[in-house]
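Below is one structure, written out as structure tokens; the observations come after it.
Numbering (our numbering), first residue to last: 597 to 629.
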């Protein structure tokens, strides 16, 4: 699942939330455009 957070000057923060199984813990990664 990916979310975008609006920032000034088109420098959006992109975050990816992922987990390997239904009962697994969520991991968060920050992406750059």
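Virtual Cβ for every residue (Gly too), placed ideally from N, Cα, C.
Using a Cβ distance threshold of 8 angstroms, residue 610 and residue 622 do not count as a contacting pair.
Within the model, the alpha-carbon separation for residue 616 versus residue 603 is close to 30 angstroms.
Taking the C-beta atoms as reference points, residue 598 is found no nearer than 8 angstroms to residue 618. Leaving aside the five residues that flank residue 614 on each side, the residues in its chain whose CB is nearer than 6 angstroms to its CB run, in chain order, 623.
As DSSP reads the structure, residue 619 sits in no beta bridge.
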